[in-house]
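Novice: Starting off with a structure, shown below.
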Amino acid sequence: MLAITASGLQAQDSLKIIFAGDLMGHGGQIKAALTETGKYDYSPCFQFISPYLQSADLAIANFELTLAGPPYKGYPQFSSPDQVLVDACNAGFDIFTTVNNHCMDGGKKGFLRTLKVFDSLDVPHLGTYRSHDEWEKNHPMIIERKGFKLGLVTYTYGTNGLPVPEPLVVNMIDTIQMKADLVKAKELGAEYTIALIHWGEEYQTKANSEQEVLARLLLENGADIVIGGHPHVVQNATTDALPDNDITPQIVVYSMGNLVSNQRDINTDGGIMVELNLRRDTKDGLKQSCAYMPYWVYRGEYDGLYQYYILPATDACRNPNKYQLPAADLKALTVFDENTRRRLENSEIKERAYSWGK
Numbered sequence: 000m001l002a003i004t005a006s007g008l009q010a011q012d013s014l015k016i017i018f019a020g021d022l023m024g025h026g027g028q029i030k031a032a033l034t035e036t037g038k039y040d041y042s043p044c045f046q047f048i049s050p051y052l053q054s055a056d057l058a059i060a061n062f063e064l065t066l067a068g069p070p071y072k073g074y075p076q077f078s079s080p081d082q083v084l085v086d087a088c089n090a091g092f093d094i095f096t097t098v099n100n101h102c103m104d105g106g107k108k109g110f111l112r113t114l115k116v117f118d119s120l121d122v123p124h125l126g127t128y129r130s131h132d133e134w135e136k137n138h139p140m141i142i143e144r145k146g147f148k149l150g151l152v153t154y155t156y157g158t159n160g161l162p163v164p165e166p167l168v169v170n171m172i173d174t175i176q177m178k179a180d181l182v183k184a185k186e187l188g189a190e191y192t193i194a195l196i197h198w199g200e201e202y203q204t205k206a207n208s209e210q211e212v213l214a215r216l217l218l219e220n221g222a223d224i225v226i227g228g229h230p231h232v233v234q235n236a237t238t239d240a241l242p243d244n245d246i247t248p249q250i251v252v253y254s255m256g257n258l259v260s261n262q263r264d265i266n267t268d269g270g271i272m273v274e275l276n277l278r279r280d281t282k283d284g285l286k287q288s289c290a291y292m293p294y295w296v297y298r299g300e301y302d303g304l305y306q307y308y309i310l311p312a313t314d315a316c317r318n319p320n321k322y323q324l325p326a327a328d329l330k331a332l333t334v335f336d337e338n339t340r341r342r343l344e345n346s347e348i349k350e351r352a353y354s355w356g357k
C-alpha cells in the first residue's frame, strides 16, 4: 500500500481534483520539442492549461508513452525524452497512471527505465510495477489531501499483444482482482475511491456494452467515480444512483479523449478535463460535484514558436486572436468544441466556465 500525504496542510472541507486524458508522444511532438540547443522543451505545450492545473489540489493524467531512452520515436512504439514528464509536472500534474496499451512499448528495459525516471523525480505513479511485491505494497494507492483519504485503482485491457515478462506486473482488467482491490481500498481507510481504466474501442464516441458492464461492476463494488481513457475521443458520460451508497450519484466518464497528441482526425484533436469537487458536510457527510472543460490541441505557431499547444476550447472559440489561431484551425476547433458539448449535454456533468488567462 502506497500512502501519500501532503505535509503542512490542515484538514479542510473541500478538495478539488482534475483528471486529464491521454498524454501521448508522437514523432511530431518530439520534433517540435527539440530546441536549437539540442535539448527538449515541452513547457509551451502546457502553458495555457497550467493555471487551471495549479488551481487543483490534485491533478492526474494518463502517461501513454514510455521513457525508454534514445532513439526517441513515436507511434507505434513510443519513447519520448524524459523532459516531457518534467514539464508536465512543472505545469501542475501530480500523479500519472502508467498502465495502458503502450506501457510495454520499450520492452522490459524501457518499462524499467520509465519507472526509474518517475522515481528519480519523485513523481507518484500507479498501474505498472517491477514485481508482485511492489504491486502488493502500492496498489491500491492511498492518498491523503487536506484531510480527505482517497483510494486509486487502475487497469488496462492489454498491451498491444506485447508480452509482460516476469517479474513485471501490469494491472490488467480482471473482475475478480478489481473487486478485491476495491475492498482493500476501503480496508485501508479510503473514504472515496477513484477507478481509472483504459478500455473501449478506439475512435468510437459512445461507450460499448463491455465498458458499461465493467463500469457497473466497479460502482457496485466500491468505486465512487470511474474515469476512462484509450479511445482517443471524448465518449459519453453517465451518472447512477446505487442503493446503499453514501455518495450519489456515482459518475462514469467513459473516455476523456487525448490530452495532447499528433492525431488530427475529427474528434481526436482534443479532449476534456474532468473537475471533481469533494465537500465534507458535517450534517450529510461527503458530497461531490463534477464538471468538464474541453481542450483542443493547436498544432502551429504562437509568438513565432511552433508547438502542440493545449488550448481551452470554448475560450479559444470565443477569443481566437488571443491564441493567434489561423482560420482553418479555428474552424477545426469549433467543430471539436460543438461536437464535444453535444455529446455531453444530456449528462449531469456540466461544462465548467473558463476563467484563467488574459
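In numbering that gives the first Met the number 0, the protein residues as written are 0 to 357. Positions of the beta carbon are idealized from the N, C-alpha and C atoms, including for glycine. Treat the numbers as computed from the prediction; the structure is a model and nothing was measured.
Please determine if the region 271-284 and the region 13-22 are in contact, where contact requires at least 3 C-beta pairs separated by less than 8 Å.
Specialist: yes
Novice: At which residues does the alpha helix (DSSP H) containing Val-182 begin and terminate?
Specialist: 174-186
Novice: Quick check: the region 322-340 against the region 286-303, are there 3 or more CB pairs under 8 Å?
Specialist: yes
Novice: Just verifying my parser: in three-state terms, what is the DSSP assignment at Lys-205?
Specialist: coil
Novice: Tell me the rounded alpha-carbon separation between Ala-2 and Lys-330.
Specialist: In this predicted model, Ala-2 has a pLDDT of only 43, less than 50, meaning its place in the structure is not dependable enough to derive any value.
Novice: Got a sec? Which residues, its chain only, sit under 6 Å from Asn-345 by beta carbon, not counting five neighbours each side?
Specialist: Cβ neighbours of Asn-345 beyond the five flanking positions: none.
Novice: Can you tell me which of the three DSSP states Lys-136 falls into?
Specialist: In the displayed model, Lys-136 falls within a helix according to three-state DSSP.
Novice: Within a Cβ cutoff of 7 Å, which residues of the same chain sit near Tyr-305, ignoring the five residues on either side of it in sequence?
Specialist: Ala-31, Gly-299
Novice: Determine the contact status of Asp-81 and Tyr-41, defining contact as a CB-CB distance below 8 Å.
Specialist: no
Novice: Considering only C-alpha positions, which residue in the set Ile-250, Ile-265, Asp-314, Val-334 is nearest to Ile-348?
Specialist: Ile-250
Novice: Return the residue from the list Asn-266, Ser-260, Gly-109 that minimises the CA-CA distance to Val-334.
Specialist: If we check each option's Cα against that of Val-334, Asn-266 comes out closest.
Novice: Would you decide whether Leu-202 is buried or exposed? Buried here means 16 or more other CB atoms lie within 10 Å of its CB.
Specialist: Reading off the sequence, residue 202 comes out as Tyr, not Leu. When all chains shown are included, Tyr-202 counts as exposed.
Novice: With distances taken Cα to Cα, identify the nearest neighbour of Glu-337 among Gln-262, Ser-119, Val-233.
Specialist: The shortest C-alpha to C-alpha distance from Glu-337 to any of Gln-262, Ser-119, Val-233 is the one to Val-233.
Novice: Checking the sheet assignment: what are the DSSP bridge partners for Leu-195?
Specialist: As computed with DSSP, Leu-195 is found in a beta bridge with Thr-153, Ile-226.
Novice: Give me the residue from Pro-162, Leu-216, Pro-248 with the minimum Cα distance to Gly-394.
Specialist: The displayed coordinates of the chain run from 0 to 357. Any statement about residue 394 would go beyond what the structure contains.
Novice: For Val-233, which residues does DSSP report across the bridge?
Specialist: Bridge partners of Val-233: Met-255.
Novice: Would you mind stating whether Pro-100 and Tyr-154 have Cβ atoms separated by less than 8 Å?
Specialist: Pro is not the amino acid found at residue 100; the sequence shown has Asn there. No, Cβ-Cβ distance for Asn-100 and Tyr-154 is not below 8 Å.
Novice: Compare the Cα-Cα distances from Asp-21 to each of Thr-204, Asp-132, Leu-64 and report the closest residue.
Specialist: Taking only the C-alpha atoms, the option nearest Asp-21 is Leu-64.
Novice: Does the region 102-119 come close enough to the region 140-149 that 3 or more CB-CB pairs lie under 8 Å?
Specialist: The region 102-119 and the region 140-149 do not touch, with fewer than three beta-carbon pairs separated by less than 8 Å.
Novice: Is the separation between the beta-carbon of Val-296 and that of Asp-268 shorter than 8 Å?
Specialist: A contact, by the Cβ cut-off of 8 Å.
Novice: Determine, using beta carbons only, whether Arg-396 and Leu-167 come nearer to each other than 8 Å.
Specialist: Examination of residue 396 is not possible in this model, given that the chain is present from 0 through 357 alone.
Novice: For Val-182, which of Pro-69, Val-152, Gly-199 has the nearest alpha-carbon?
Specialist: It is Val-152.
Novice: Let's see if you can read the secondary structure: which residues bound the beta strand (DSSP E) around Ala-61?
Specialist: The sequence shown places Asn at residue 61, rather than the Ala named in the question. First-last of the beta strand (DSSP E) with Asn-61: 57-62.
Novice: Over the uninterrupted alpha helix (DSSP H) stretch that includes Thr-113, give me the two end residues.
Specialist: 106-119
Novice: Based on Cα-Cα distance, which residue from Ile-94, Gln-46, Leu-217 lies nearest to Leu-120?
Specialist: Ile-94
Novice: If you compare alpha carbons, which of Leu-332, Ala-326, Arg-342, Arg-317 is closest to Ala-352?
Specialist: Looking at Leu-332, Ala-326, Arg-342, Arg-317, the one whose alpha-carbon comes closest to that of Ala-352 is Arg-317.
Novice: Kindly list the residues whose CB is nearer than 7 Å to the CB of Thr-237, restricted to its own chain and excluding five residues on each side of it in sequence; keep chain order.
Specialist: Val-251, Ser-346
Novice: Measuring only the C-alpha atoms, how far is Glu-133 from Phe-92?
Specialist: 23 Å
Novice: Quick check: Thr-204 and Arg-340, are their CB atoms within less than 8 Å of each other?
Specialist: no
Novice: Within this structure, are the beta carbons of Gly-26 and Gly-73 separated by less than 8 Å?
Specialist: For Gly-26 and Gly-73, yes; Cβs fall inside 8 Å.
Novice: Mind checking which residues open and close the beta strand (DSSP E) that includes Ile-309?
Specialist: 304-311
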